[in-house]
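Chemist: Residue numbers (UniProt numbering), protein chains in the order written: chain R, 1 to 438; chain P, 1 to 438. Here a beta-carbon is modelled for each residue, glycine too, at the ideal position from N, C-alpha and C. Can you keep this structure in mind? I'll have questions shortly.
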């Protein structure tokens, strides 16, 4: 067995900035041929509805569905799938769901209002969306945890109708069989309707609606390049969550955590796929090498060792820094999806962190707790998007309306202000409409 | 003078639903040639930076700038522009800014944390973005109010650096002169740097950065089709606000508001441009005709009467309904940017409203108060996006990080739950990393 390859960098060496830029360089590129294919599918679904949806589903998922209604999985089948799961898995999913729900409750946006000194009332009113779509990838990456993380916040927000779609391509024997754990999780989380469709055609159907698929107001959930391109294409017609890139973790360690733990934390990111990124930053070169040693030893525990090797060799790094302050600075440049602060005083270090999707504080909070059951959402901004965007949450399924409520007396001074600025902007009807109230 | 044309609809008549769909049918279409042009500009700015930015700016804005540094307007010039404004306009802008700031303060997201029953701490931490870009249209639609509405929430959020861009094409005499009211508003609102660039090249420069233009984390502000396409293209690299469509108003009136007021409220939307949409809904056909009559009379007050005529003829409507409940239902289908509830009991009617960007309650709150000075933002979701998105606000310039802080004891039960679900998903490193902490 060859030794595990991983890049070593010294943050204080000349050329480090360029090395880091190169390591991070993976802005989501739009592939022109993917975009073209997806645009054609979206236009076709919009024009031909169910007929086009059936054609694409049969072609891409190698199925032979003749009626669009067959694409729906009845609710009773979701409940049956739940019952077929092993009891200990059901208990684990129930515990996770309860914790996800409890955290989500804290995220709910609330109405507020205040009065100005003129007696006018100003405020913000929060309402749930009417109907949202959750895209759940099928095939090899069929994850019940993703179902919980996407559906529960929507239900906590009060969305009356959550539509889940999950592609279920036929297997070698020609059977199209959805994953029991995924369907069971849909049952547990409270998805209202489930359709076995996927790809750009599913996104287009959710955005525009067909006779069978009801049109939604927002589409969330990860998918391949075609799904991502389709979400970008329908953005504006419906809301979308952020475009998910490969998953990432940065671990900042003071050199005092068991190197075997940190090795496995890095692996838990690397095992996702070859594009996943695992970076360890420590003010202690000897410690970095102890972690590298532990990685060598523990790789044998993993059936997915080949993916882990490729991910670490292609995108991983061990970065030696002067001190934890420099570690925080580098982490802010990376703006990682997941950040472990495996140090003695994580709260002090947190004060220096500006951008991260989720922060895991201390030696006893590995990223995988966040992936499954700590409570916060595991759908997090990737590819440096933590600079400007949020974890998926209840607030992504609510929206705000501004309220402006004026009295006859309170309106007069506003009429004068609005009238004067409208004059300056040359908008005469605005000025007149304001002054009508004075 | 020809009579003013506006569509009359009866919500209880057969075929109304189709008529309404047709009236609203203006989903933002992507024009392939615009997209292609914009993609080329974005790629060129990314590759050649300042050199490309200068070329496009000189070409599209008919300028002759030789050094990229000349594209920046020094802060002293912003202050000078402010001082050149008439005193009463300065007073009006100051009053508006104070009210916008006060409302914005209410929108700030806050940190929170709670403990679970195991002693683990879970929470959410809120931080401002590092640097944002505000696009301000130039030319005929140079609005100081837009500067206030875009810059103030970013500064209230705590964004250290707000970069404003405003195209300043040369006039017939070859002079490129920014609008004093726009620069003065930038001074008042606290924009940190201002550049006289626009179009897709400005959006690309903000997203990728050049030697002169610093890269930002998010770009907000309205623009033409090229600006909208550029924002869509850079989405993911940076955050963007929603893609702005034509402006809209729905007025629901019980027939008791002075028809002359409602006429001018509808005009104040219609005067924006020919694509703007003004719709009045009332349970009283005679009242609708009185408003139509008032529109005929008051049109003479307006220098922009031609635009108003075109907008009302092309996209306006007077809709007769059975009662206010039916009016609310139709309004929910429209999900308007602006909604006036010009009725005796607007609070009761508000309970039936699900989707609207801003709601103006009562007869004394015309939309133009919201456009300038009531306090809430005038950047609102258009083209039915109020179904899923928010007014621009402080929260658009802040982002959340999830916090997961476990104790050694508190970690054990989580390790068991995470381990079990990870087993089911076939993610062995996730399971092992979790179980290391048990």
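According to DSSP, simplified to helix, strand and coil, what is residue 405/R?
Modeler: For this step, residue 405/R is matched to residue 405 along the first chain. In the structure shown, residue 405/R sits in a strand (DSSP, three-state: E or B).
Chemist: Do you know offhand how far residue 139/P's Cα is from residue 6/P's?
Modeler: Here the question's residue 139/P lines up with position 139 in the second chain. Here the question's residue 6/P lines up with position 6 in the second chain. Their Cα atoms are separated by approximately 30 angstroms.
Chemist: What are the start and end residues of each continuous beta strand (DSSP E) run of 3 or more residues lying completely inside the stretch 207 to 291 of chain R, in chain order?
Modeler: DSSP runs (the beta strand (DSSP E)) wholly in the stretch 207 to 291 of chain R: 218 to 220, 248 to 253 and 277 to 282.
Chemist: Residue 400/P versus chain R: which residues are under 8 angstroms apart at the beta carbon?
Modeler: Looking up residue 400/P in the second chain gives position 400. Those within 8 angstroms of residue 400/P in chain R are 390, 391 and 393.
Chemist: Establish whether the CB of residue 168/R and some CB of chain P are separated by less than 8 angstroms.
Modeler: As a position in the first chain, residue 168/R is number 168, starting the count at 1. No, because no Cβ of chain P sits closer than 8 angstroms to the Cβ of residue 168/R.
Chemist: Would you list, in sequence order, the uninterrupted beta strand (DSSP E) runs of no fewer than 3 residues that lie entirely inside the stretch 41 to 118 of chain R?
Modeler: Complete beta strand (DSSP E) runs here, min 3: 112 to 115.
Chemist: What does residue 406/R reach in chain P if we use C-beta pairs closer than 7 angstroms?
Modeler: By one-based count along the first chain, residue 406/R stands at place 406. 362, 364, 365 and 369, listed in chain order.
Chemist: In this structure, what does DSSP give as the bridge partners for residue 135/P?
Modeler: Within the second chain, residue 135/P is the residue found at index 135, counting from 1. 165/P.
Chemist: Using a Cβ-Cβ cut-off of 8 angstroms, state whether residue 175/R counts as contacting chain P.
Modeler: What you label residue 175/R is simply residue 175 of the first chain in a count that begins at 1. So no, residue 175/R is outside the interface.
Chemist: Do residue 222/R and residue 137/R have their C-beta atoms within less than 8 angstroms of each other?
Modeler: Here residue 222/R is taken as the residue at index 222 of the first chain, counted from 1. Here residue 137/R is taken as the residue at index 137 of the first chain, counted from 1. Against a cut-off of 8 angstroms, the Cβ pair of residue 137/R and residue 222/R comes out as a contact.
Chemist: Which residue comes first and which comes last in the alpha helix (DSSP H) that contains residue 144/P?
Modeler: In the second chain, residue 144/P corresponds to position 144, counting from 1. Element bounds for residue 144/P: 144 to 157.
Chemist: Within 8 angstroms of any Cβ in chain R, is that where the Cβ of residue 373/P sits?
Modeler: Taking the second chain and counting its residues from 1, one reaches residue 373/P at position 373. Closer than 8 angstroms to some Cβ of chain R, the Cβ of residue 373/P qualifies, so yes.
Chemist: Short of 7 angstroms Cβ to Cβ, which residues in the stretch 425 to 438 of chain R face chain P?
Modeler: Residues 425, 427, 428, 429, 430, 432, 433, 434, 436 and 437.
Chemist: Under 7 angstroms Cβ to Cβ from residue 12/R, same chain only, skipping five residues before and after it: list those, please.
Modeler: Position 12 of the first chain holds residue 12/R. Cβ within range, chain order: 322.
Chemist: Please classify residue 107/R: is it buried, with 16 or more other beta-carbons within 10 angstroms of its beta-carbon, or exposed?
Modeler: Translated into the one-based positions of the first chain, residue 107/R becomes position 107. Per the 10 Å Cβ criterion, buried.
Chemist: Looking only at DSSP bridge pairs, what is residue 182/P linked to?
Modeler: Working through the second chain from its first residue, we reach residue 182/P at position 182. BP columns for residue 182/P are empty, so no partner.
Chemist: Give a yes or no on whether 8 angstroms exceeds the smallest Cβ distance from residue 31/P to chain R.
Modeler: Against the second chain, residue 31/P aligns to sequence position 31. It does not: the Cβ of residue 31/P has no partner Cβ on chain R nearer than 8 angstroms.
Chemist: Answer with buried or exposed for residue 312/P, where buried requires no fewer than 16 other C-beta atoms within 10 angstroms of its C-beta.
Modeler: Here residue 312/P refers to the residue found at position 312 of the second chain. Burial call: buried.
Chemist: Touching or not, the stretch 274 to 283 of chain R and the stretch 329 to 339 of chain R, by the rule of three or more beta carbon pairs under 8 angstroms?
Modeler: The stretch 274 to 283 of chain R is in contact with the stretch 329 to 339 of chain R.
Chemist: I want to see whether chain P comes within less than 8 angstroms of residue 93/R, judged by CB atoms only; does it?
Modeler: Here residue 93/R refers to the residue found at position 93 when the first chain is read from its first residue. Yes - at least one Cβ of chain P is within 8 angstroms of the one on residue 93/R.
Chemist: Does the stretch 419 to 430 of chain P come close enough to the stretch 138 to 158 of chain P that 3 or more CB-CB pairs lie under 8 angstroms?
Modeler: With the cut-off at 8 angstroms, the stretch 138 to 158 of chain P and the stretch 419 to 430 of chain P do not touch.
Chemist: Among residues of its own chain, excluding the 5 on either side of residue 64/R, which ones have a beta-carbon nearer than 7 angstroms to its beta-carbon?
Modeler: Counting from one through the first chain, the residue named residue 64/R turns up at place 64. Only 58 meet the Cβ criterion.
Chemist: Under the rule that 16 or more other beta-carbon atoms within 10 Å means buried, what is residue 269/P, buried or exposed?
Modeler: Taking the first residue of the second chain as position 1, residue 269/P is located at position 269. Classification for residue 269/P: buried.
Chemist: Using beta carbons (cut-off 8 angstroms, strictly below), is residue 106/P in contact with chain R?
Modeler: Numbered from 1 along the second chain, position 106 holds the residue referred to as residue 106/P. At least one chain R Cβ lies under 8 angstroms of residue 106/P.
Chemist: At the level of alpha carbons, what is the spacing between residue 290/P and residue 318/P?
Modeler: Taking the first residue of the second chain as 1, we reach residue 290/P at position 290. Taking the first residue of the second chain as 1, we reach residue 318/P at position 318. Distance between the alpha carbons of residue 290/P and residue 318/P: 11 angstroms.
Chemist: Where residue 435/P and residue 104/P are concerned, what is the direct C-alpha to C-alpha distance, given to the nearest angstrom?
Modeler: Locating residue 435/P in the second chain gives position 435, counting from the first residue. Locating residue 104/P in the second chain gives position 104, counting from the first residue. In a straight line, the C-alpha of residue 435/P is about 45 angstroms away from that of residue 104/P.
Chemist: Inspect the CB distances between the stretch 238 to 253 of chain P and the stretch 206 to 220 of chain P and report whether three or more fall short of 8 angstroms.
Modeler: With a cut-off of 8 angstroms, the stretch 206 to 220 of chain P and the stretch 238 to 253 of chain P count as touching, because enough Cβ pairs lie within range.
Chemist: For the stretch 210 to 228 of chain R, which residues have a beta carbon sitting closer than 8 angstroms to at least one beta carbon of chain P?
Modeler: Cβ contacts with chain P come from 217 and 218.
Chemist: For a quick check, are the C-beta atoms of residue 173/P and residue 382/P less than 8 angstroms apart?
Modeler: By one-based count along the second chain, residue 173/P stands at place 173. By one-based count along the second chain, residue 382/P stands at place 382. No; because the gap between Cβ atoms is not below 8 angstroms, this pair is not in contact.
Chemist: Whether or not the stretch 347 to 356 of chain R and the stretch 34 to 46 of chain R are in contact is what I'm after, with contact meaning three or more pairs of Cβ atoms, one per stretch, closer than 8 angstroms; do they touch?
Modeler: In short, these stretches do not touch, since the Cβ pair count stays below three.
Chemist: Rounded to a whole number of angstroms, what is the C-alpha to C-alpha distance between residue 294/R and residue 259/R?
Modeler: Within the first chain, the letter at position 294 stands for residue 294/R. Within the first chain, the letter at position 259 stands for residue 259/R. Distance between the alpha carbons of residue 294/R and residue 259/R: 6 angstroms.
Chemist: Would DSSP call residue 39/R helix, strand or coil?
Modeler: Along the first chain, read from residue 1 onward, the residue named residue 39/R stands at position 39. Note: residue 39/R maps to helix in three-state DSSP.
Chemist: Whose CA, out of 274/R, 127/R, 288/R and 24/R, lies closest to the CA of residue 160/R?
Modeler: On the first chain, position 160 is the one that residue 160/R refers to. When each option's Cα is compared against that of residue 160/R, the closest is 127/R.
Chemist: Compare the beta carbon distance of residue 438/R and residue 368/P with 8 angstroms and say whether it is the shorter of the two.
Modeler: Residue numbering aside, residue 438/R sits at position 438 when the first chain is read from its first letter. Residue numbering aside, residue 368/P sits at position 368 when the second chain is read from its first letter. Contact: no.
Chemist: DSSP beta-bridge partners for residue 9/R?
Modeler: Taking the first chain and counting its residues from 1, the one referred to as residue 9/R is at position 9. In DSSP, residue 9/R forms a bridge with 319/R.
Chemist: So which residues of chain P does residue 252/R contact, with C-beta pairs closer than 9 angstroms?
Modeler: Locating residue 252/R in the first chain gives position 252, where the first residue counts as 1. Here the premise fails: no neighbours, minimum Cβ distance about 14 angstroms.
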